[in-house]
Amino acid sequence: QARSGYVLDRWKPLTGEALFARESGAVASQFHDPPAIEPYAPEIVGARRRVVLGKKSGLDSIRIKLAELGLEVSQQQWPGLLAEVKGLGARKRGLVSDEEFRAMVAPGPD
């Protein structure tokens, strides 16, 4: 992309930036078993496996993202976080950023 000046669609098969990003909670639950959800390793095409948060996320998505960001939250709080993530994702009609998720985990003073 840098050399050609041609920007590929994010979801383009084999090369899209978000090809190995998983939002679905059902798919995130298989994150520990990559061959179950991916036909080949992302490293082959210079990509990385990751979970993104949005309205389709599930509790496994929350668990994985908390671990990825090094955030500690009791498991009893996960359903509430999931509801917040789904709500924000639906309102934005898009993904919840890591910064937005961090703010949900550690809200500032009211």
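For the working numbering, add 85 to where a residue sits in the sequence shown, where the first one is 1.
Note that CB positions come from ideal geometry on N, CA and C, so glycine has one too.
A quick note: this is a predicted structure, and the numbers were derived from the prediction, not measured.
Under the 10 Å beta carbon count, D145 is surrounded by 16 or more other beta carbons and is classified as buried.
Straight through space, the alpha carbons of A168 and Q160 are spaced by roughly 14 Å.
Put simply, the segment 148 to 159 does not touch the segment 122 to 132. Fewer than three CB pairs are less than 8 Å apart. Taken through DSSP and simplified to helix, strand or coil, R135 comes out as strand. Residue environment: R178 is assigned as exposed (fewer than 16 neighbouring CB atoms within 10 Å of its CB, all protein chains considered). CA-CA distance, V137 to E102, rounds to 13 Å. The C-beta of R107 has 16 or more other C-beta atoms within 10 Å across all chains shown, which makes the residue buried.
The beta carbons of K150 and S109 sit no closer together than 8 Å. By the criterion of a C-beta distance shorter than 6 Å, R135 is surrounded in its chain by A106, once the five residues flanking it on both sides are discounted. With a threshold of 16 other beta carbon atoms within 10 Å, V181 meets it and is buried.
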